[in-house]
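Enquirer:
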Amino acid sequence: MSVLRVGNASGFYGDRFDAMREMLTDGPLDVLTGDYLAELTMLILGRDRLKNPDAGYARTFLRQLEECLGLAHEREVKIVTNAGGLNPAGLADAVRALAERLGIPVRVAHVEGDDRTAAHPGTLAAHAYLGGFGIAACLRAGADVVVTGRVTDAALVTGPAAAHFGWGPTEYDRLAGAVVAGHLLECGAQATGGNYAFFQDGDVRRPGFPLAELRADGTSVVSKHDGTGGFVDVGTVTAQLLYETGGARYAGPDVTARLDTVRLSQDGPDRVRVEGVRGEAPPPTLKVGLNRLGGFRNEVAFVLTGLDVEAKADLVRTQMEPALGRITDVRWDLARTDRPDAPTEETASALLRLVVRDTDQQAVGRALSGAAIELALAGYPGFHVLAPPGKGAPYGVFEDVYVPHGAVDHVAVLHDGRRVSVSPPPDQDTAVPAPVPEPPLPQPLPPGPVRRAPLGLVAGARSGDKGGDANVGVWARTDDAWRWLAHALTADRFRELIPEARDLPVTRHQLPNLRALNFVVEGILGEGVAAQARFDPQAKALGEWLRARHLDIPEALL
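The opening residue of the sequence shown carries number 524 in my numbering; numbering runs sequentially from there.
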């Protein structure tokens, strides 16, 4: 059975610059992908395009390619990336110009049709999440480099797999297997020990980037090049599989993958086999991410040292009230990082964080900074701030809407200039994803002594953001720990452990094959990461906070 080796060299715009060279030189590959886009990235690229209509793509990719295009050509490695951002045609032209300057004969194609900005007045960028069949059309026609705009992260893998194996749009199980492989690769080193709850299980000082060996039946093995850092085991793969997902049905434009069917097994050192994935018809609509400027934002962090921290915080709030009265959104947060009888000034200090947002830049800029700095000699004892407030920076707001597949003109622009339309799935080949009935709980552990201890001693977690919502995937490392976790960590218990979620909708999903629970917390991130309404605006550490919370755990598990 032929194998398609697909690697990843970028999980976000700003990832390790040398990863592309490393992936091309450290071992064999057929396709090298790079994911440069996130909700926040689209806003950043939108602001770039306001300054320069020819901008709007990830310039880092072009600089990486200047070093690596010759390597990819010599090794016959195809490159597929969404670095085109808001301007895939512009990036494709830039790649052609680069190749001509370097004297490297490469065929460059791109995918377009995702841009819906004109249909949503008032947005800075509105883009549909396309699937992988435009990429597949480019590769089937002989492209060496394929540049896209907003596609799903997994499309960077489903496209090459569909092209290589000749899959059609209704081969759902195979496509779903590629979606899962794509999701495991999309965040780069997160699959090889990066950001991993049990990071001390291996050497993660410089994790290598992941690759997947895909087969025609949709199964895969997730691995990394020999000799590179980090590690790949069932735990690291489980963590990434739970990242930024929700229930058992993981819907995308090509297929709805059933995450509750995924089976993972260790297939040797740094090799995890992924099999059993079932797929269903895709939904009848495409997600469209809308990014708009929400106004202006500023913040001040007051340092409160020593005694009477609460009284000092009250004094600051009172003194700042006249300057804050006409600001739309004012948020105060007191972080009690101070300790009694502290051996250093820093550990004797708490932080009072003031965040303000308004449509009027002047209100959150000079007016705020003036009021804060004027307290320097008239405030609480020991008054100082971490940094003086600036003039107020613009912030963004993200939301999503859905449109029928047919509302988007998905086009593969081949390396010879021909334009190939990618047909949307007919209505009979789509299905609205319905919630999967919750599976039965495992048998509970027998009664026994318990000890108050952190959840993280027996469970891993990884968390992330989707718009204003956050998800926290929690998994057990043993069958007995799963038997306890499935009963102990209910949605109500989650709310108790994470007080921010107490008044928010929290949905719990069981994934027994992974010994995992996935919690979706609606609205905890406000208007999304670009609005920066929360201390941890992307919920990256929400899972680690949960792991640090104490509850009664059976001593047999500790």
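Beta carbons: idealized from backbone N, C-alpha and C, even for Gly.
Take every Cβ of the stretch 651-671, pair it with every Cβ of the stretch 609-629, and state whether three or more of those distances are shorter than 8 angstroms.
Expert: Enough Cβ pairs lie closer than 8 angstroms, so yes.
Enquirer: Among residues of its own chain, excluding the 5 on either side of M955, which ones have a beta-carbon nearer than 7 angstroms to its beta-carbon?
Expert: As a working mapping, residue 955 is identified with position 432 in the sequence shown. Per the sequence shown, the amino acid found at residue 955 is Val instead of Met. Same-chain partners within the cutoff: P806 and P807.
Enquirer: Which of the three DSSP states, helix, strand or coil, is assigned to W1007?
Expert: Stepping through the sequence shown from its first residue, residue 1007 is reached at position 484. Looking at W1007 - three-state DSSP - the assignment turns out to be helix.
Enquirer: Give every residue of the same chain whose Cβ lies closer than 8 angstroms to the Cβ of V755, excluding the five residues on either side of it in the sequence, and list them in chain order.
Expert: On the sequence shown, residue 755 is found 232 positions in, with the first residue counted as 1. Excluding residues within five positions, the ones whose Cβ falls inside 8 angstroms are A714, T715, G716, P733, V745, S746, K747, D793, R794 and V795.
Enquirer: With distances taken between CB atoms, is the gap from A478 to A660 smaller than 7 angstroms?
Expert: Nothing can be reported for residue 478, as the shown portion of the chain is limited to 524 through 1081.
Enquirer: Could you give the DSSP three-state label for T583: helix, strand or coil?
Expert: As a working mapping, residue 583 is identified with position 60 in the sequence shown. Helix, per DSSP.
Enquirer: Measure the alpha-carbon distance for Q1061 versus R772 and round it to whole angstroms.
Expert: Position 538 of the sequence shown, counting from 1, holds the residue named residue 1061. Position 249 of the sequence shown, counting from 1, holds the residue named residue 772. Those two C-alpha atoms are separated by around 23 angstroms.
Enquirer: Is it buried or exposed for Y695, if we count other Cβ within 10 angstroms and need 16 for buried?
Expert: Numbered from its first residue, the sequence shown carries residue 695 at position 172. The residue in question, Y695, is buried, as its Cβ has 16 or more Cβ neighbours within 10 Å.
Enquirer: Given 6 angstroms as the limit, tell me if V997 has its C-beta closer than that to any heavy atom belonging to the ligand NAD.
Expert: Within the structure as shown, the ligand NAD is missing, as the structure has no ligands at all.
Enquirer: Assign E599 to one of three DSSP states: helix, strand, or coil.
Expert: Taking the sequence shown and counting its residues from 1, one reaches residue 599 at position 76. Coil.
Enquirer: Tell me, please, which residues DSSP counts as bridged to K989.
Expert: For the purposes of this step, residue 989 is taken as the residue at position 466 of the sequence shown. Answer by DSSP bridge pairing, in chain order: D992.
Enquirer: With DSSP as the reference, label A685 as helix, strand or coil.
Expert: Position 162 of the sequence shown, counting from 1, holds the residue named residue 685. A685: helix per DSSP, three-state reduction.
Enquirer: At which residues does the alpha helix (DSSP H) containing Y695 begin and terminate?
Expert: Position 172 of the sequence shown, counted from the start, is the residue given in the question as residue 695. Element bounds for Y695: Y695 to L708.
Enquirer: Report yes if the CB atom of H643 is closer than 7 angstroms to the CB atom of A651, and no otherwise.
Expert: Sequence index remark: in the sequence shown, residue 643 carries index 120 (1-based). Sequence index remark: in the sequence shown, residue 651 carries index 128 (1-based). No, these two residues do not count as a Cβ contact at 7 angstroms.
Enquirer: Check whether the stretch 885-896 and the stretch 908-928 touch, using three or more Cβ-Cβ pairs below 8 angstroms as the test.
Expert: Taking 8 angstroms as the limit for Cβ pairs, the verdict is that the stretch 908-928 does touch the stretch 885-896.
Enquirer: Which residues in the same chain as V959 place their Cβ atom closer than 7 angstroms to its Cβ, once the five residues preceding and following it in sequence are excluded?
Expert: Residue mapping note: residue 959 aligns to position 436 of the sequence shown, counting from 1. Cβ within range, chain order: G770, A771, R772 and D783.
Enquirer: When DSSP labels each residue in this structure, what does V811 get in the three-state scheme?
Expert: Residue numbering aside, residue 811 sits at position 288 when the sequence shown is read from its first letter. Three-state DSSP puts V811 in a strand.
Enquirer: Here's a check: name, in chain order, each residue in its chain whose Cβ is nearer than 7 angstroms to the Cβ of G775, leaving out the five neighbours to either side.
Expert: Counting from one through the sequence shown, the residue named residue 775 turns up at place 252. Contacts found: G654, T675, A677, V702 and P805.
Enquirer: Which of the three DSSP states, helix, strand or coil, is assigned to R854?
Expert: As a position in the sequence shown, residue 854 is number 331, starting the count at 1. Looking at R854 - three-state DSSP - the assignment turns out to be strand.
Enquirer: Would you say the stretch 590-606 touches the stretch 617-636, given that touching needs at least three Cβ pairs under 8 angstroms?
Expert: Cβ pair count under 8 angstroms is three or more, so yes.
Enquirer: Taking the alpha-carbon of D1015 as reference, which of T779, L1027, L877 and T681 has the nearest alpha-carbon?
Expert: Counting from 1 along the sequence shown, the entry for residue 1015 is found at position 492. Nearest C-alpha to D1015: L1027.
Enquirer: So R880 and T851 are supposed to be a Cβ contact under 8 angstroms. How far apart are they, rounded?
Expert: Taking the first residue of the sequence shown as position 1, residue 880 is located at position 357. Taking the first residue of the sequence shown as position 1, residue 851 is located at position 328. Contact holds; Cβ gap of about 6 angstroms.
Enquirer: Going by beta carbon distance, what residues of the same chain come within less than 6 angstroms of F656, once the five residues before and after it are set aside?
Expert: The residue you call residue 656 lines up with position 133 of the sequence shown. These residues qualify, in order along the chain: V945.
Enquirer: According to DSSP, is E1067 part of a helix, a strand, or is it coil?
Expert: The sequence position of residue 1067 within the sequence shown is 544, counting from 1. E1067 falls in the helix class under three-state DSSP.
Enquirer: Going by DSSP, what residues sit across from A633 in a beta bridge?
Expert: What you label residue 633 is simply residue 110 of the sequence shown in a count that begins at 1. Residue identity check: residue 633 is His in the sequence provided, not Ala. Answer is V670 and V936.
Enquirer: Helix or strand or just coil, what does DSSP make of V1043?
Expert: On the sequence shown, position 520 is the one that residue 1043 refers to. If DSSP states are grouped into helix, strand and coil, V1043 belongs with the strands.
Enquirer: Out of V853, A834, E833 and G829, point me to the one whose CA is closest to A865's CA.
Expert: For the purposes of this step, residue 865 is identified with residue 342 of the sequence shown, where counting begins at 1. Measuring from the Cα of A865, the nearest candidate turns out to be G829.
Enquirer: Just the C-alpha distance for D861 and S872, rounded to the nearest angstrom, thanks.
Expert: The residue you call residue 861 lines up with position 338 of the sequence shown. The residue you call residue 872 lines up with position 349 of the sequence shown. Their backbone Cα atoms lie some 5 angstroms apart in a straight line.
Enquirer: Starting from F921, trace the beta strand (DSSP E) in both directions and tell me its first and last residue.
Expert: In the sequence shown, counting from the first residue as 1, residue 921 sits at position 398. Start and end: A916 to P927.
Enquirer: What runs of the alpha helix (DSSP H), each 4 residues or longer, lie entirely inside the stretch 812-879?
Expert: Listed in chain order, the complete alpha helix (DSSP H) runs (minimum 4 residues) inside the stretch 812-879 are 832-847.
Enquirer: What is the C-beta distance between V600 and D553, in whole angstroms, given that I count them as a contact (C-beta under 8 angstroms)?
Expert: In the sequence shown, the residue the question calls residue 600 occupies position 77. In the sequence shown, the residue the question calls residue 553 occupies position 30. The Cβ separation is near 7 angstroms, so the contact holds.
Enquirer: Roughly how many angstroms separate the alpha carbons of Y766 and V995, rounded to a whole number?
Expert: Position 243 of the sequence shown, counted from the first residue, corresponds to residue 766. Position 472 of the sequence shown, counted from the first residue, corresponds to residue 995. Going by the C-alpha atoms only, they are around 8 angstroms apart.
Enquirer: Would G534 pass as a contact of C710 if the rule is Cβ separation under 7 angstroms?
Expert: In the sequence shown, residue 534 corresponds to position 11, counting from 1. In the sequence shown, residue 710 corresponds to position 187, counting from 1. Cβ atoms of G534 and C710: closer than 7 angstroms.
Enquirer: Hey, would you say T779 sits closer than 7 angstroms to L679, going by beta carbons?
Expert: Along the sequence shown, read from residue 1 onward, the residue named residue 779 stands at position 256. Along the sequence shown, read from residue 1 onward, the residue named residue 679 stands at position 156. Not in contact: T779 and L679 (Cβ atoms no closer than 7 angstroms).
Enquirer: Please state whether DSSP places I658 in a helix, a strand or coil.
Expert: Here residue 658 is taken as the residue at index 135 of the sequence shown, counted from 1. Looking at I658 - three-state DSSP - the assignment turns out to be helix.
Enquirer: Locate the beta strand (DSSP E) running through A774, then write down its first and last residues.
Expert: As a position in the sequence shown, residue 774 is number 251, starting the count at 1. Start and end: R772 to A774.
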